[in-house]
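Asker: Every letter in the sequence shown is one number past the one before it in my numbering, and letter 19, counting from 1, is 8.
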Amino acid sequence: SGCRFRTRCWKAEDKCAKEIPLLAIPERFKGQDTPAAHESACHFAEEKDVVHAA
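Next comes the structure, spelled out in structure tokens:
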């Protein structure tokens, strides 16, 4: 159960092992002409969208 990418995702938290995320376009990208405006099944699609270099 849970998100199938949780074992290799840098965003993963306990919730990801317990709940399957819904497939949806993040609200902030709806209606925009950008590659980010696509459906994704992630509990955290609305946040944590960039990885900063160390």
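Quick reminder that beta carbons are idealized off the backbone N, C-alpha and C, glycines included.
#1: Taking the DSSP output, what are the residues bridged to Ile29?
#2: What residue from Thr(-4), Glu36, Asp3 has the CA that sits closest to Arg17's CA?
#3: Quick check on DSSP: helix, strand or coil for Thr23?
#4: What's the gap between the Cα of Glu2 and the Cα of Ile14?
#5: What would DSSP say about Lys7, mapped onto helix, strand or coil?
Answerer: Quick answer:
#1: Looking at the sequence provided, one finds Ser at residue 29 rather than Ile. DSSP, once it has assigned bridges, lists Ala13 as partnering Ser29.
#2: Glu36
#3: coil
#4: 20 Å
#5: helix
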